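J.:
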Ligand SMILES: Cc1cc2nc3c(=O)[nH]c(=O)nc-3n(C[C@H](O)[C@H](O)[C@H](O)COP(=O)(O)O)c2cc1C
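Numbering (the numbering used here), first residue to last: 5 to 341.
(1) Taking 8 Å as the line, does the beta carbon of residue 244 fall inside it for any heavy atom of ligand 1?
(2) Within the continuous alpha helix (DSSP H) that includes residue 285, where are the two ends?
(3) Nearest to residue 263 by alpha carbon, out of 336, 184 and 250?
(4) Entirely within the segment 210-268 and at least 3 residues each: give me those beta strand (DSSP E) ranges in chain order.
(5) If you scan the segment 80-122 from start to end, which runs of the beta strand (DSSP E) of 3 or more residues do you find wholly inside it?
(6) Mind checking whether residue 167 and residue 142 have CB atoms under 9 Å apart?
(7) Residue range of the beta strand (DSSP E) that residue 27 falls in?
(8) Tell me which residues pass a beta-carbon proximity test against ligand 1: closer than 7 Å to any heavy atom, given in chain order.
(9) So is residue 195 buried or exposed if we call it buried at 16+ other beta carbons inside 10 Å?
(10) Can you give me the Cβ contacts of residue 336 inside the same chain, cut-off strictly under 6 Å, excluding the 5 residues immediately before and after it?
(11) Would DSSP call residue 147 helix, strand or coil?
(12) With distance defined between alpha-carbon atoms, name the residue in 39, 97, 90 and 64 nearest to residue 82.
(13) What number of angstroms, rounded off, separates the C-alpha of residue 302 from the C-alpha of residue 328?
(14) So residue 49 is in the alpha helix (DSSP H); what residue range does that whole segment cover?
(15) I believe residue 112 touches residue 138 by the beta-carbon criterion, under 8 Å. Please report the beta-carbon distance rounded to the nearest angstrom.
(16) Beta-carbon within less than 7 Å of residue 400's beta-carbon, same chain only, minus the 5 sequence neighbours each way: which residues are those?
(17) Pick helix, strand or coil for residue 32, following the three-state DSSP scheme.
(18) Give me, in chain order, the residues of the same chain whose beta-carbon lies closer than 6 Å to that of residue 256; leave out the 5 immediate sequence neighbours on both sides.
(19) How long is the line joining the alpha carbons of residue 280 and residue 236, rounded to whole angstroms?
(20) List the residues that DSSP assigns as beta-bridge partners of residue 156.
(21) Excluding five sequence neighbours on each side, which residues of the same chain lie with their C-beta closer than 8 Å to the C-beta of residue 144?
(22) Quick check on DSSP: helix, strand or coil for residue 324?
(23) Considering only the beta carbon of each residue, do residue 20 and residue 85 sit closer than 9 Å?
(24) Pull up the DSSP beta-bridge partners for residue 65, would you.
(25) Rounded C-beta distance between residue 323 and residue 27? I'm assuming under 8 Å.
(26) Within this structure, are the beta carbons of residue 59 and residue 102 separated by less than 9 Å?
As structure tokens, this is what we get:
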């Protein structure tokens, strides 16, 4: 059977994506100062839902106030956040899409003016960001690691209670868990640093806990296939991490970039600038793999799918610009039957 953009995809627990198009998490800066969903947030996602995508991810949302990166970032750190998040999940479902929400503690990329706390990181190493000098964080203690794990689990529980189908762990773009995986930002001397096995320990523990306590919640990881930064994570590392996470029950690999950031690398041309990275992970795992990066047209998506380079295609900015137009140009309405 030829797979194209309109081919449904079956997922565990009888869930089904009506097509292969996904809106990736994109920060909308619409929450209030305490991370609560506002009318603006609801309108923003109502608009995105008009794209006809099979799966829509809500943007990166902080698991704890110490891991907040921007003033109008969404939060999933308090019980009070649940009411607004439920409304978001409902409106996405009403459009016929499955709904996901991305969770994060931005670690050494936090804005300490917002958090009012010291900057916390895997190691006392500033996160390298092209063209910027970030503050050097304090290395968190083993006790704090246990707390961090609890925040992730509690946030995932809220995502489930709000009615989302997927929770996504943000382990890409130099945020939070990417800092734990990368040798550039994790040089701890204990069991959470050093070897790849140690650097991936926290991520594996979080995945294990979520799967144990929330078995019905689908789990996606947004991770790099490589850091795209000198001295950072390499493809052979991330293939091993992917296999370990698959064994722990991850349901979807959403492959983006690492510390080098999500933007198009200089000199690259054409649609799907990170699709070759998704393909590298797809070579080793069996669960669905999603690719991203400058994808604009249904025709390009059909080509990636038929070449078996990915299973799902994320379309960010092209949908953000005009969701309805994108739907008209690219979605076969028969897939909505
Ligand atoms: C305004 C904006 C906000 C973004 N926020 C997030 C985010 O919250 N989490 C994330 O993982 N990626 C985020 N990204 C990256 C996108 O998910 C996506 O990977 C990137 O835009 C490349 O895809 P595209 O070329 O289809 O837009 C953001 C991108 C944009 C343009």
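For every residue, glycine included, the Cβ atom is placed at its ideal position computed from N, Cα and C. These numbers were taken from a predicted model, which means no experiment stands behind them.
T.: Quick answer:
(1) no
(2) 279-286
(3) 184
(4) 222-228 and 256-260
(5) 102-108
(6) no
(7) 25-27
(8) 28, 29, 30, 31, 63, 64, 106, 174, 176, 177, 226, 260, 266, 296, 297, 298, 299, 318, 319, 320, 321, 322 and 324
(9) exposed
(10) 10
(11) helix
(12) 39
(13) 14 Å
(14) 43-53
(15) 6 Å
(16) Nothing in the structure corresponds to residue 400, since the chain is present only between 5 and 341.
(17) coil
(18) 224 and 292
(19) 18 Å
(20) The partner list for residue 156 (beta bridge, DSSP) is empty, contrary to what the question assumes.
(21) 124, 125, 126 and 152
(22) helix
(23) no
(24) 78 and 107
(25) 6 Å
(26) yes
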